[in-house]
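The structure appears below as structure tokens.
Number of protein chains: 2
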Amino acid sequence: MRRAHRIAAITKQLVDHPHQVFPLGEFADLFQVSKSTLSEDLAIIRETFNTLEMGKVETISGAVGGVRYMPYVPMLDIYSEVSRICKKLQEPHRILPGGFVYTDDLISSPAILAGVGEIFASRFQELEPQYVVTVETAGIPVALMTARALNVPLVVVRRQSRVTEGPVLTMNFLSGSAQRVETMSLSRRALPTNSRVLLIDDFMKAGGTLRGLADLMGEFECDVVGKGVLIETGWPEEKLIEDHLALIYLQEVDVESQTVKVKPADWIRKE
Amino acid sequence: MRRAHRIAAITKQLVDHPHQVFPLGEFADLFQVSKSTLSEDLAIIRETFNTLEMGKVETISGAVGGVRYMPYVPMLDIYSEVSRICKKLQEPHRILPGGFVYTDDLISSPAILAGVGEIFASRFQELEPQYVVTVETAGIPVALMTARALNVPLVVVRRQSRVTEGPVLTMNFLSGSAQRVETMSLSRRALPTNSRVLLIDDFMKAGGTLRGLADLMGEFECDVVGKGVLIETGWPEEKLIEDHLALIYLQEVDVESQTVKVKPADWIRKE
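Sequences listed follow chains Z and B, in order. Counted the way this note's numbering counts, the first sequence spans residues 1492 to 1762. Counted the way this note's numbering counts, the second sequence spans residues 1492 to 1762.
If you want it as structure tokens, here you go:
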């Protein structure tokens, strides 16, 4: 196989398995080339990804060394990706009775979800989360795509426990917006103590669910290293959690005029 | 940019967006090369993917033409991927009181899920499903990864309806194993009539849930083109659905000896 062929094959392997370290010897054996030839191949891939801002390719030296690809979405791409979702949210047919906004179709498009997952991964990977944690149901797709981009397991907290989970830890929490007591539960074996976890959800109003998730992580003696939400509402102003990263602000839903006011979060800049 | 660089960039774009058609002009403009040069680049990628059985790269001619990548997992890789999951299922610590098998950690590993999603996509893509449909909660990760590999939206049927979904269609169905009446509901706007849908779930005993899903699809006037399950139990022998594709047979769980008997489905062959 010539260089161009090797580059196609290696790029595929790296992109298909973000954050997975491939030993150089594995590729060298597969293509029957020396490690120095292989290093030149990798340099070309790295250069290309850098120039086109397509993510990072990193070579790790040492015994457990190798090469890995890490998704990285530059600010300009975050801006255009988030703006595209905002535009979709403003479609008038989304407004439901009671001022709710229909979002199910957005969080069911694999392309949108993959993009959002890579944005969260880009922003949180330096904190080295070992698990992505969410609560069923609507948060699962966004959380799974984030977990995929980070190559860490997804842990889904349940609203109700099931017999197939074994012993579970169950906790009541106060849903912030409705001031209602709700329940969440998680299998004892789902999460080892002292893990570094990233909380991801699709939608946040007062933040009661995320607050509850964070408290549950405390019960598992885990360390919450970050919290990400796709959409945050402007109301209530007082939130129950701090330091969360939202991608989209939902400012207002006007049922009369059938308009949704929405914008990218302030940290997302055009340049 | 030289050929090797272009190939790295194009491969990344294709692999990141399975089943998405990229017009050749888009790449030609980006790299400032002629379409014939670009065609040579694509031929190299296609050749490499063919030789290493890494999926298919297809060029579509005509006005809406372009190039796309389709995941395709060869039989030998299906066998080793499924065997690896079987091996994990046989770990004795998975057996829960009542003879249940703990599988949550398997369906939370993005690498395993991505592999399973590509296997289902490989087997069902010729039937051209337009939606992947599952029911909450445990089926969502497998279904989402299948939807991603096929580049079609994921539709999640709920156990209970929520106010944020708008008008829903609710249906009772008989859970096959427990002979219990259960409920599923789906937003009216989630699925257009006459869609071709692929049903995906993580676990199947008698098949009551899949049977219910298929009936619900009938209510939406949709056409079920395929049904895939990750794990099927050997009991009961009589199933409520036909023509489903399972990857793994769970033959027996022996609580006494703490053993799980499990094997790849019969259609999966070693050679």
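Each residue gets a CB set at the ideal place from its N, CA and C atoms; glycine is no exception. Bear in mind that the values here come from a model prediction, so they are computed numbers and not experimental data.
Item	Value
7 Å CB neighbourhood of T1661/B in its chain, flanking five on each side removed	S1652, T1674 and S1676
Length of the line joining the Cα atoms of H1649/B and V1626/B	The sequence given here has Arg at residue 1649/B, not His. About 6 Å.
Contact residues within the segment 1613–1624 of chain Z, judged by C-beta distance below 7 Å to chain B	none
Chain Z within 8 Å of V1632/B, Cβ atoms only	Residue identity differs from the one stated: residue 1632/B is Pro in this sequence, not Val. Yes, P1632/B counts as interfacial toward chain Z.
Rounded C-alpha distance that separates L1580/Z from L1721/Z	12 Å
Secondary structure, alpha helix (DSSP H): runs of 4+ residues fully inside the segment 1647–1728 of chain Z	1699–1710
Proximal residues, the segment 1655–1674 of chain B versus chain Z, C-beta separation under 7 Å	T1655, E1656 and G1657
With 16 other Cβ atoms within 10 Å as the buried cut-off, status of S1686/Z	buried
Below-8 Å beta-carbon distance, N1541/Z vs any chain B residue	no
Backbone secondary structure at G1516/B - three-state DSSP	helix
Status (buried if at least 16 other CB within 10 Å, exposed otherwise) for I1517/Z	According to the sequence displayed, residue 1517/Z carries Glu and not Ile. Classification of E1517/Z: exposed, given that the 10 Å Cβ count is below 16.
CB contact below 8 Å: V1626/B versus chain Z	no
Distance, I1610/Z Cα to Y1563/Z Cα	7 Å
Interfacial residues, the segment 1575–1587 of chain Z to chain B, with Cβ spacing under 7 Å	L1587
CB contact below 8 Å: G1703/Z versus chain B	no
Strand pairing of P1755/Z, partner residues [DSSP]	I1739/Z
Cβ neighbour criterion (16 or more within 10 Å) applied to L1597/Z	buried
Three-way DSSP call (helix, strand, coil) for G1556/Z in this model	coil
Per-residue burial, T1700/B [other beta carbons within 10 Å of its own, 16 or more giving buried]	buried
Any chain B beta carbon closer than 8 Å to V1498/Z	The displayed chain sequence assigns Ile, not Val, to residue 1498/Z. Judged by the 8 Å Cβ criterion, I1498/Z is in contact with chain B.
Residue-level contact to chain B via CB, A1681/Z, 8 Å cutoff	yes
Chain Z residues whose Cβ lies nearer than 7 Å to that of A1495/B	R1494, A1495, I1498 and I1535
Per-residue burial, E1572/B [other beta carbons within 10 Å of its own, 16 or more giving buried]	buried
Residue range of the unbroken beta strand (DSSP E) whose run includes I1732/Z	Element bounds for I1732/Z: n/a, residue is neither H nor E.
Neighbourhood of T1502/B by C-beta, 8 Å cutoff - its chain only, sequence neighbours within 5 removed	I1536
Q1616/Z classed as buried or exposed, judged by whether at least 16 other C-beta atoms fall within 10 angstroms	buried
Cut-off 8 Å between Cβ atoms - residues of its own chain near W1726/B, not counting five sequence neighbours on either side	K1696
Listed by chain order, chain Z residues near Y1570/B by CB distance under 7 Å	Near Y1570/B there are no residues of chain Z at all, since even the closest Cβ is about 19 Å away, more than 7 Å.
Neighbour-count burial assignment, D1745/Z, 16 or more Cβ in a 10 Å radius	exposed
Straight-line Cα distance separating L1665/B from G1719/B	20 Å
Chain Z contact for H1508/B (CB, 8 Å cutoff)	yes
Assigned secondary structure, G1542/B (DSSP; H/G/I helix, E/B strand, else coil)	First, the residue type needs correcting, since residue 1542/B is Thr and not Gly in the sequence shown. Three-state DSSP puts T1542/B in a helix.
Opposing strand residues paired with K1547/B [DSSP bridges]	M1561/B
DSSP state of V1623/Z mapped onto helix, strand, coil	strand
Nearest-angstrom Cα separation, counted from I1586/Z out to V1771/Z	What the structure shows of chain Z is the stretch from 1492 to 1762, and residue 1771/Z is not part of that stretch, so it cannot be assessed.
Residues, ordered as in the chain, of the segment 1722–1744 of chain B that lie near chain Z by beta-carbon distance below 9 Å	none
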